[in-house]
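Residue numbers (my numbering): 9 to 92.
Yeah, the Cβ is synthetic: ideal placement off N, Cα and C, and Gly gets one too.
In structure tokens, the structure reads:
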């Protein structure tokens, strides 16, 4: 089964809903089941997005993608320079 990728907006929405459920006395297992994610994903989202708003989460994701591209460019340039 192919895993579903959530957008940053979806993640922050689900985190807000999950936090509300936790405040109502639900367990993390119950929250994860309700949100159709595994507990590991819930904890990863909490660590990554925490109290981030949806717009901030989207910007964070964009910056992470840009950072990955720049890291690849630096690695390629380093290899090119090493060959010279």
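- In this structure, 14 is the residue among 92, 32, 14 with its C-alpha nearest to the C-alpha of residue 52.
- Counting along the chain, the unbroken alpha helix (DSSP H) around residue 19 starts and ends at 16-31.
- C-alpha of residue 39 to C-alpha of residue 58: approximately 16 Å in a straight line.
- Between residue 12 and the set 49, 85, 23, 31, the nearest pair of CA atoms involves 49.
- For the options 17, 16, 43, the alpha carbon positioned closest to that of residue 27 is the one of 43.
- DSSP places residue 73 in the helix class (H, G or I) of the three-state scheme.
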